[in-house]
Amino acid sequence: MSAMLATWGIPIALMLLAGLVSGFAAGLFGIGGGFVVVPVLFIMLPLLGGSSESIAHVAIGTSLATIVITSLRSVQAHARRDAVDFDLLKAWAPWIVLGVGAGVLLAARVSGHALALIFGAGVGLMALHFLFPVLRDKRLRDDVPGGYVRAGIAGGLGAFSSLLGIGGGTIAIIVMTLCGRTIHRSIATASGVGFIIAVPGTLGFMAIGLPMHDLPFGSIGYVNVLAAVAIVSTSVFTAPLGAATAHKLPAGILSPIFGLYLLFVAAMMVRNGIA
């Protein structure tokens with residue numbers, strides 16, 4: 001009994017806790033929760049077996065799977081407050097999906113340690129935007145661009161996010177705030193970006209991982225179904241709470257909190273990549 005508890009009790013407890021935190025973060029910051037889920041999966045997945053080289057890929061693929069539900073729950077909560085720009089999401093969607101495909105193909109050729117380092121470095125750069133007012137409050141234009149610029153932004157967003165196993169909310173928020181959108185509307189709309197990224201991203205990581213062996217127990221390709229179900233089972237309850245909290249906090253408080261959170265995650269993932 002004690003051996004079974006050690007094998008399954010700790011991973012399940014970590015996954016349920018990760019779901020609670022990632023759901024709240026998804027609603028609060030307009031992200032899919034990957035910044036919470038991926039670091040936890042790096043700790044939890046080795047307890048389910050599999051090779052160390054596969055852990056980063058399974059963590060990212062599983063994170064995308066959880067984002068499908070978490071982002072959907074979050075965008076529903078924001079939409080009830082009429083804060084989501086659905087026209088922008090429709091315009092970005094085709095280019096995001098194309099970018100996701102490119103990101104998944106690239107992930108198949110990158111080592112696990114390299115993925116962890118890319119994740120940490122990318123998140124660290126994103127944190128700077130929210131920590132320093134000179135960057136956070138900067139406005140480049142009054143509206144989000146269209147045409148080829150839109151295709152480049154949305155496609156790059158999809159590729160980078162699928163490579164890291166995140167919902168892309170952070171990058172989307174940066175783009176929208178630079179283009180004159182408020183932090184609250186940017187967060188609400190970014191929660192929908194996560195869903196657009198996560199669906200094709202999950203299917204892609206499943207596909208590229210199917211030929212692989214020595215994966216953690218419960219995996220289909222690079223997606224661990226057991227972890228995904230456990231995380232989603234609690235995140236669906238906390239995502240609306242995070243969304244409600246986001247609309248109560250002033251922008252001047254919300255942005256630096258987000259930046260500090262990203263900086264902590266970046267340091268943790270860089271450490272995993274070097275180890």
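So in full-length UniProt numbering the end of the sequence shown lands on 275, straight run, no missing numbers. Where is the CB? At the ideal position from N, CA and C, for every residue including glycine. Nothing here was measured: the structure is a model prediction, and the numbers come from that model.
**Study point:** Buried versus exposed call for leucine 260 [16 or more other C-beta atoms within 10 Å across all chains shown]
**Key:** Leucine 260 sits exposed, since fewer than 16 C-beta atoms from the chains shown fall within 10 Å of its C-beta.
Exercise for review: Could you tell me whether the Cβ of alanine 267 comes closer than 8 Å to any Cβ of chain D?
Suggested key: In the structure shown, chain D does not exist; there is a single protein chain.
Practice item. Quick one: residues in its chain with C-beta nearer than 8 Å to the C-beta of alanine 267, no 5 flanking neighbours on either side, listed in chain order? Key: Gly120, Gly124
Exercise for review: Return the CA-CA distance between glycine 180 and glycine 50, expressed in angstroms with no decimal places.
Suggested key: 46 Å
Check your understanding: Does DSSP classify valine 21 as helix, strand or coil?
Key -> helix
Check your understanding: For valine 223, does the three-state DSSP call read helix, strand or coil?
Key -> strand
Point to revise | Buried/exposed call for proline 250, threshold 16 Cβ in 10 Å | key: Exposed.
Practice item. Leaving aside the five residues before and after glycine 146 along the sequence, list all residues of the same chain whose C-beta is less than 8 Å from its C-beta, in chain order. Key: Ala91
Review point. What does a CB cutoff of less than 8 Å around isoleucine 12 pick up in its chain, not counting 5 residues either side in sequence?
Key: If we look at isoleucine 12 and ignore the five residues flanking it on each side, its Cβ neighbours are Ala230.
Exercise for review: Verify the contact flag: tyrosine 222, CB atom, against every heavy atom of the ligand FAD, threshold strictly below 7 Å.
Suggested key: The ligand FAD is absent from the structure shown, which contains no ligand whatsoever.
**Study point:** Distance between tyrosine 148 and leucine 64 (C-alpha atoms, nearest Å)
**Key:** The alpha-carbon atoms of leucine 64 and tyrosine 148 are separated by roughly 27 Å.
Exercise for review: Answer yes if the stretch 71 to 79 comes into contact with the stretch 191 to 199, meaning at least three C-beta pairs across the two stretches below 8 Å, and no otherwise.
Suggested key: yes
Review point. Going by the beta-carbon positions, is the gap between leucine 215 and valine 58 smaller than 8 Å?
Key: yes
Check your understanding: On the three-state DSSP scale, how would you describe valine 40?
Key -> helix
Point to revise | Spatial distance of isoleucine 257 from valine 265 (CA atoms) | key: Rounded to the nearest whole angstrom, the CA to CA distance from isoleucine 257 to valine 265 is 13 Å.
Exercise for review: Examine the Cβ distances between the stretch 37 to 44 and the stretch 83 to 97 and report whether three or more of them are shorter than 8 Å.
Suggested key: no
**Study point:** Distance between isoleucine 183 and threonine 177 (C-alpha atoms, nearest Å)
**Key:** 6 Å
Exercise for review: Could you work out which residue in Leu254, Leu14, Phe24, Ile10 is closest to serine 235 when comparing CA atoms only?
Suggested key: Phe24
Exercise for review: Report the rounded CA-to-CA distance for valine 270 versus valine 68, giving the unit in angstroms.
Suggested key: 26 Å
Check your understanding: Can you tell me where the alpha helix (DSSP H) with isoleucine 166 in it begins and where it stops?
Key -> No alpha helix (DSSP H) holds isoleucine 166; DSSP gives it neither H nor E.
Check your understanding: In three-state DSSP terms, what is glycine 180?
Key -> coil
Exercise for review: Verify whether the separation of the beta carbon atoms of glycine 61 and threonine 202 is less than 8 Å.
Suggested key: yes
Point to revise | Under the three-state DSSP convention, the category arginine 81 falls into | key: Correct three-state label for arginine 81: coil.
Practice item. Starting from the Cα of leucine 117, find the closest Cα among Tyr222, Val38, Arg185 and give me that residue. Key: Val38
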